[in-house]
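**Student:** Numbering (this note's numbering), first residue to last: 32 to 216. Beta carbons are placed, not taken as given, at the ideal position from N, Cα and C, and that holds for glycine. Structure below; questions to follow.
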């Protein structure tokens, strides 16, 4: 889905926080077209269980594109059980090099509770600094809020929920209807 075909599509704030032996991935539920909220209850955080090992993924961008990438990631994880980094790098390589996949417009945050990665269509597999990662329309707001809250006594889920609430107060493309998944390290 390109911006020239569907101008004005906005949506999604996904935030991951690693603290106290767990990783929390939170995503808002808003999808907007221009000044109109199309849906307020979208579920953009998913739990995958390839080979019996849980992986939590959050996605921003085109939903159909993200689901295509999630399916590919699940296959990569089945081929390399317990090796999240390898699966992410293999997905990023395919995404960058495959003519069909190259046109997909989405980003992913992926964690197995130990590792935490942001995967982009440019072929990047990034391990975030400061144990916080964020993507999407309100990602920078949520990232800044979460980084500020990491110094508090809040648990990972409290940091994520508070940071997402701050992002929802600032970003018109983010709402407070959250999907939250927690995974232990």
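1) Pull up the distance between the alpha-carbon of residue 171 and that of residue 56, whole angstroms please.
2) In the DSSP assignment, find the unbroken alpha helix (DSSP H) run with residue 192 in it and report its ends.
3) Within the continuous beta strand (DSSP E) that includes residue 138, where are the two ends?
4) Have a look at 143, 142, 117, 125 and flag the residue whose alpha-carbon is nearest the alpha-carbon of residue 135.
5) Identify whether residue 33 lies in helix, strand or coil by the three-state DSSP scheme.
6) If the criterion is Cβ atoms closer than 8 Å, does the pair residue 43 and residue 70 meet it?
7) In whole angstroms, what separates the C-alpha of residue 37 from that of residue 93?
8) Rounded to a whole number of angstroms, what is the C-alpha to C-alpha distance between residue 198 and residue 173?
9) Going by DSSP in three states, residue 77 sits in which element: helix, strand or coil?
10) Just verifying my parser: in three-state terms, what is the DSSP assignment at residue 64?
11) What did DSSP end up calling residue 182 once you bin it into helix, strand or coil?
12) How about residue 190 and residue 48: do their beta carbons lie closer than 8 Å?
13) Just to confirm my understanding: we take residue 147, look at its own chain, exclude 5 residues before and 5 after, and list those with CB closer than 7 Å. What are they?
14) For residue 176 and residue 187, which I take to be in contact (beta-carbon distance under 8 Å), what is that distance rounded to the nearest angstrom?
15) Tell me the DSSP bridge mates of residue 50?
**Tutor:** With the given structure in hand:
1) 15 Å
2) 187-201
3) 137-142
4) 125
5) Since pLDDT at residue 33 reaches only 41, below the 50 mark, its modelled position is unreliable, and the value read off the structure follows with that caveat. In the displayed model, residue 33 falls within coil according to three-state DSSP, outside both helix and strand.
6) Using a Cβ distance threshold of 8 Å, residue 43 and residue 70 do not count as a contacting pair.
7) With a pLDDT of only 46 at residue 37, under the threshold of 50, the placement of this residue in the model should not be trusted, and no figure is reported.
8) 5 Å
9) strand
10) In the three-state DSSP reduction, residue 64 falls in the strand class (E or B).
11) coil
12) yes
13) 47, 49, 54, 158, 159, 164
14) Contact doesn't hold; Cβ gap of about 14 Å is too wide.
15) 53
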